[in-house]
Every structure is written in C-alpha cells, then in structure tokens.
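Structure first, then comments.
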Amino acid sequence: MSFVAASDSGNRAPGPAPPPPGQVGVVVIGFDDAAHIGDAVRSALAQGPSVAEVVAVDDASTDGTGAVLDELAAREPRLRVIHRTVNSGGCGTPRNDGVRAATAPYVMFLDSDDTLPEGAADALLRAALRHRAPVAAGLCVRRELPQGRDTRWQPGLYRRAAVHRSPEQRPALLHDTLCVNKLYSRAFLTEHGIAFPEGRFIYEDFVFTARVMAAAPRVATVPDTVYIWYVRRNTTAPSISLDRERIANWQARVRAHRRSVDVFLDAGSKPLARAARVKFLDHDLRMYVHELPARGPGYRHAWWRVTRGYLATYEEAELRAARAPARWIARAILAAEAPRDLGRLAQLAARPPRLLPPYAEAGGEPVWAADLPGAPLDGLSDPAAVP
0 MSFVAASDSG NRAPGPAPPP PGQVGVVVIG FDDAAHIGDA VRSALAQGPS
50 VAEVVAVDDA STDGTGAVLD ELAAREPRLR VIHRTVNSGG CGTPRNDGVR
100 AATAPYVMFL DSDDTLPEGA ADALLRAALR HRAPVAAGLC VRRELPQGRD
150 TRWQPGLYRR AAVHRSPEQR PALLHDTLCV NKLYSRAFLT EHGIAFPEGR
200 FIYEDFVFTA RVMAAAPRVA TVPDTVYIWY VRRNTTAPSI SLDRERIANW
250 QARVRAHRRS VDVFLDAGSK PLARAARVKF LDHDLRMYVH ELPARGPGYR
300 HAWWRVTRGY LATYEEAELR AARAPARWIA RAILAAEAPR DLGRLAQLAA
350 RPPRLLPPYA EAGGEPVWAA DLPGAPLDGL SDPAAVP
C-alpha cells in the first residue's frame with residue numbers, strides 16, 4: 000500500500016473513495032423511546048448517499064415514539080415507518096419486520112437509544128464490496144452516561160482491517176455476539192433463512208449471530224468505530240441486557256447461549272460450538288460471578304442452581320480450553336452444591352484476576368479448597384496461564 004505525503008501547502012492525501020450510493024438499508028427499532036429515537040434515525044440518515052433507506056419499526060409504543068417517526072418521515076423521503084399494533088415483547092420481531100420491508104442490498108441494525116457515528120455505513124460497505132463478504136463488522140463503543148466514558152467492545156477483533164474466509168478460520172469472532180456493529184447482505188440472509196427469534200426472546204442477537212456464523216460467510220472486519228452503544232444506568236427502565244439484577248436475566252442468557260450452541264451443532268460445526276461454549280466461560284460466566292456478591296440470597300441460590308446445571312453439560316476438553324480463571328471458577332461451582340466463597344470467586348472473575356487465599360492442595364496439586372479436591376487449579380504454576 001502506498002501513501003501520498005501531505006505537501007508544504009497543507010494538502011492532505013485523499014481518503015478512500017466513497018462506495019456506491021443506495022446500497023444500505025438501516026433498520027431502526029424502538030418502543031416507548033420518544034426521547035432518543037429521533038437522534039438514532041437522524042444518525043442513520045446522516046450516513047450519506049450509501050444509505051438508500053431507513054426503515055423504522057415502532058413496536059406498538061404508548062408514548063410519542065410513533066409521532067416522532069411520522070414527523071421525521073414527512074420531511075425525509077428515505078425514511079419509512081412501520082407501526083406495529085401489538086408489542087412483540089422483544090427486539091427480534093421488529094428487526095425481522097424491518098428486514099422484510101427493506102429493499103437495499105445490505106442491511107444494518109440500530110436501536111432507538113443508540114447512534115451510528117459518521118462514516119459507519121461507508122466503512123462497512125466498502126469492506127463488504129472490496130472482499131465480496133456477505134458480512135462486514137467494525138468496532139462498537141460503549142458510552143457510559145452521564146460520565147461519557149467510552150469502552151471499546153472486543154477491540155482485539157478490530158485492531159486492523161482483515162478478511163476471514165469463514166468464522167471457523169477465526170473462531171474468536173464468536174466473542175462479538177452483537178448484531179448492531181455489522182453489515183449484512185440481504186440476499187445472504189434470505190438464502191440461508193436467517194432471522195431473529197420472534198417474540199419475547201432476550202439476547203436474541205446471540206442466536207441471530209450464531210445463525211449468521213453457522214452459514215460460514217466470508218467476514219470482513221474494519222478498525223473503524225461503526226456503532227455507539229449508550230449505557231444509561233440512571234434510567235428507570237434499563238435496557239434488557241443491562242437489567243442483570245433479576246435472575247430472569249441470567250436464565251435468559253443461558254437459554255440464548257444454549258440455542259446458539261445448538262445452531263452450530265445442527266450446522267455440523269463442532270469447532271464453532273466449542274468456541275461458543277468456551278466464550279461463555281471466559282466472558283459471560285466471569286461477568287456474572289464478579290457481580291454475585293452484590294446479589295441477595297435468593298438470587299445467589301437460583302443463579303448457582305442454573306449455572307451448575309449448565310456447566311454439568313460441559314465436556315472436560317471444553318473446560319480445559321477456557322482461560323485459567325474461567326475454568327477454575329467453573330470447577331469450583333461444579334464442586335460446591337451451594338453458593339460459597341463468593342468474594343474469592345468475584346476477585347478471580349475480575350479483570351485482571353486475583354486468586355486470594357486460602358491456598359490448599361490435594362495429592363500434591365493445588366485445589367480451590369481443601370474440602371473441594373474436585374476443583375483443581377491446574378496451570379497455577381504457569382504465570383502465563385493466568386491472564
């Protein structure tokens with residue numbers, strides 16, 4: 000790749016050529032979010048000529064969401080509004096409605112309380128066209144409000160532009176289960192019958208992403224920030240995925256993950272099924288264990304029961320494939336019938352992890368506790384094994 004240096008007169012090297020116009024449809028979904036949906040739609044329209052249409056789906060809102068959309072549509076011919084008469088209870092059904100209504104060759108997804116940064120659609124479309132990739136993905140930034148603190152989501156996947164022949168070539172792609180930081184060929188989705196779970200299905204993007212990856216598409220990745228995910232923790236109605244204080248949230252997450260693994264197995268991709276199960280240990284399990292000491296006794300016991308039941312389905316090879324903190328946590332939970340050592344587990348689940356005393360051995364090998372010899376701390380002597 001060659002670069003043209005800027006001259007003394009201040010001229011800069013030309014940027015990448017704009018992609019063809021009219022290629023992308025953005026599906027925006029919302030329910031009772033009149034305060035934010037206008038900003039979301041405007042950010043999609045502001046992407047420029049590459050966006051042929053914005054399909055906004057109002058999921059039977061009871062506030063002014065529908066009116067906000069209708070007012071915008073009256074001034075913007077690229078915006079079409081679908082008013083659902085019955086609330087679906089989730090995000091999958093309205094997204095499916097939007098995809099069915101879209102006519103552009105490619106589609107993106109946008110939630111009503113988030114935005115697309117400038118150039119997002121162009122960056123993804125350019126990569127998809129250049130590499131003939133049915134899926135293109137970029138960086139999502141989580142923006143904590145009101146502080147405005149930004150955290151990059153799975154940054155290791157998006158450090159540089161790349162193209163992967165299929166997800167099996169890069170199983171780490173499964174660590175990014177978001178659907179909103181990606182661009183999809185509509186023909187690809189139609190050919191493989193890929194859609195979101197309908198109705199009240201929380202973490203529907205887990206299953207959708209599994210269906211996409213199980214179809215073995217070429218995947219192009221870009222280092223550009225293509226999605227801003229606003230995390231509003233001071234709201235009275237947190238988003239479904241952030242409402243982790245109720246055990247129903249964890250139950251829904253485990254259910255969605257099970258469905259995702261089944262998708263890979265049904266497609267005959269045992270490597271992706273295994274990668275998904277290892278990701279669950281390294282990410283999902285650690286995240287919830289870290290928060291477990293802050294939950295009440297009823298939550299803890301229910302969580303422990305659900306988690307032990309799921310971990311019991313894991314093969315030993317899958318546990319060994321996880322990073323040391325995650326597999327140690329999983330083995331401690333499997334070995335203990337009731338919640339215990341929550342402070343130690345939470346510290347081990349932290350990033351970076353800390354293994355606090357007491358330290359015990361069984362048969363000369365380190366274990367989680369003297370009365371839990373079935374929870375080995377294998378690899379403890381290798382510092383590189385504890386990231």
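Using numbering that gives the first Met the number 0, read the sequence shown as starting at 0 and increasing by one per residue. Note that beta-carbon positions come from the ideal geometry of N, C-alpha and C, so glycine has one too.
Proximity of residue i and residue j at Cβ, strictly below 9 Å
i: residue 97; j: residue 199; result: no
i: residue 367; j: residue 355; result: no
i: residue 274; j: residue 173; result: yes
i: residue 182; j: residue 127; result: yes
i: residue 106; j: residue 25; result: yes
i: residue 179; j: residue 228; result: yes
i: residue 365; j: residue 380; result: yes
i: residue 213; j: residue 268; result: yes
i: residue 91; j: residue 209; result: no
i: residue 109; j: residue 18; result: no
i: residue 68; j: residue 28; result: no
i: residue 55; j: residue 73; result: no
i: residue 177; j: residue 154; result: no
i: residue 57; j: residue 82; result: yes
i: residue 114; j: residue 60; result: no
i: residue 253; j: residue 288; result: no
i: residue 255; j: residue 202; result: yes
i: residue 30; j: residue 116; result: no
Terminal residues of the alpha helix (DSSP H) in which residue i lies
i: residue 198; result: Looking at the DSSP string, residue 198 is not in any alpha helix (DSSP H), and its letter there is neither H nor E.
i: residue 41; result: 36–44
i: residue 187; result: 185–190
i: residue 217; result: Per DSSP, residue 217 belongs to no alpha helix (DSSP H) and is neither H nor E.
i: residue 270; result: 269–278
i: residue 334; result: 323–334
i: residue 122; result: 119–130
i: residue 308; result: 296–310
i: residue 261; result: 246–265
i: residue 148; result: That residue, residue 148, is in no alpha helix (DSSP H); its beta strand (DSSP E) goes 148–152.
i: residue 320; result: 315–320
i: residue 290; result: 285–290
i: residue 342; result: 341–348
Close beta carbons around residue i, own chain, < 8 Å, minus the five adjacent residues each side
i: residue 66; result: 33
i: residue 9; result: Below a pLDDT of 50, predicted positions are generally treated as unreliable, and residue 9, at 44, falls in that range; the measurement from the model is reported next regardless. Taken in chain order, the list of residues that qualify is empty.
i: residue 44; result: 50, 53, 75, 77, 78
i: residue 134; result: 127, 181, 182, 183, 184, 187, 211, 216, 217, 218, 219
i: residue 164; result: 217
i: residue 160; result: 126, 219, 220, 221, 222
i: residue 1; result: Any reading at residue 1 must be qualified, since the residue scores a pLDDT of 32, below 50, and its modelled position is unreliable; no value is offered.
i: residue 167; result: 215, 268, 270, 271
i: residue 340; result: 331, 367, 368
i: residue 152; result: 138, 139, 140, 141, 175, 177, 180, 228
i: residue 95; result: 194, 195, 197
i: residue 204; result: 90, 176, 177, 178, 179, 195
Residue i, enclosing beta strand (DSSP E) - first and last residue
i: residue 141; result: 134–144
i: residue 85; result: Premise fails: residue 85 is in no beta strand (DSSP E) and is neither H nor E.
i: residue 92; result: It is not in any beta strand (DSSP E) - residue 92 instead sits in the alpha helix (DSSP H) that spans 91–100.
i: residue 179; result: Neither: residue 179 is in no beta strand (DSSP E) and is coded neither H nor E.
i: residue 65; result: Careful: residue 65 lies outside any beta strand (DSSP E), inside the alpha helix (DSSP H) at 64–74.
i: residue 163; result: 161–163
i: residue 373; result: 371–375
Residues near residue i in its chain [Cβ-Cβ closer than 7 Å; skip 5 each side]
i: residue 325; result: 280, 281, 284, 285
i: residue 272; result: 260, 263, 264
i: residue 130; result: 162, 217, 219
i: residue 338; result: 299, 300, 303
i: residue 335; result: 371
Close beta carbons around residue i, own chain, < 6 Å, minus the five adjacent residues each side
i: residue 320; result: 277
i: residue 331; result: 367, 374
i: residue 7; result: Only weak support is given to the placement of residue 7: the predicted model assigns it a pLDDT of 37, under 50, and the question is left unresolved by the model.
i: residue 14; result: none
i: residue 191; result: 214
i: residue 352; result: 324
i: residue 242; result: 248
8 Å contact criterion, which residue i and residue j should meet: CB distance rounded
i: residue 310; j: residue 345; result: So it is not a contact: roughly 17 Å between Cβ atoms.
i: residue 46; j: residue 103; result: 12 Å between Cβ atoms; not a contact.
i: residue 230; j: residue 143; result: 5 Å
i: residue 39; j: residue 112; result: 7 Å
i: residue 225; j: residue 258; result: At roughly 26 Å, the Cβ-Cβ gap does not stay under 8 Å, so residue 225 and residue 258 are not in contact.
Test: residue i CB closer than 9 Å to a CB of chain D
i: residue 261; result: The chain labelled as chain D is not found in the depicted structure, where only one protein chain is given.
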